[in-house]
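As structure tokens, the structure follows; a few thoughts come after it.
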């Protein structure tokens, strides 16, 4: 299970762990259109499109690895779309759906003021 936690309460810096083992850190700073991080020796860029609510995950060579047109609704990866469905009030938990529309994993916002999030998404690369 992945866990992202704000490492600086007054900022937008996050530490990402998997089963309590540190994986990477990233920062979302004002005025930026994304965040860079390195995971298992591979550099990534998350590019934010503020006006339409979409995000792109780009690999080290600049190719788009995954996109979402609204976070928590669906992810579009090369050759695959992964749908999500809201499962809890206040949009705090979402289920990843399998090909039959059955829950296959979850994402959940936790912590005070959206300061933490967890993701249990079997079969997906942690970078996604």
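Residue numbers (the working numbering): 7 to 134. Cβ atoms here follow ideal geometry from the backbone N, Cα and C, with glycine treated the same way. Please read these numbers as outputs of a predicted model, since none were measured by experiment.
| query | result |
| --- | --- |
| Distance, residue 47 Cα to residue 91 Cα | 32 Å |
| Selection from 25, 101, 26 and 63 that minimises the alpha carbon distance to residue 42 | 63 |
| Residue 98 versus residue 8: straight-line alpha-carbon distance, rounded | 16 Å |
| Contacts around residue 114, its chain only, beta-carbon distance under 8 Å, and the 5 residues preceding and following it disregarded | 94, 98, 99, 100, 123, 124 and 125 |
| Limits of the unbroken beta strand (DSSP E) element including residue 56 | From DSSP, residue 56 is part of no beta strand (DSSP E); its letter is neither H nor E. |
| Bridge partner(s) assigned by DSSP for residue 47 | None; residue 47 has no bridge partner. |
| Neighbourhood of residue 60 by C-beta, 6 Å cutoff - its chain only, sequence neighbours within 5 removed | 75 |
| Proximity to residue 56 [Cα-Cα], best of 49, 27, 107 and 40 | 40 |
| Under 8 Å between C-beta atoms of residue 27 and residue 20 | no |
| Endpoints, beta strand (DSSP E) assigned at residue 102 | 99 to 103 |
| Euclidean distance between Cα positions of residue 118 and residue 22 | 17 Å |
| Span of the beta strand (DSSP E) around residue 66 | Run containing residue 66: none; DSSP gives neither H nor E here. |
| Span of the beta strand (DSSP E) around residue 28 | 27 to 33 |
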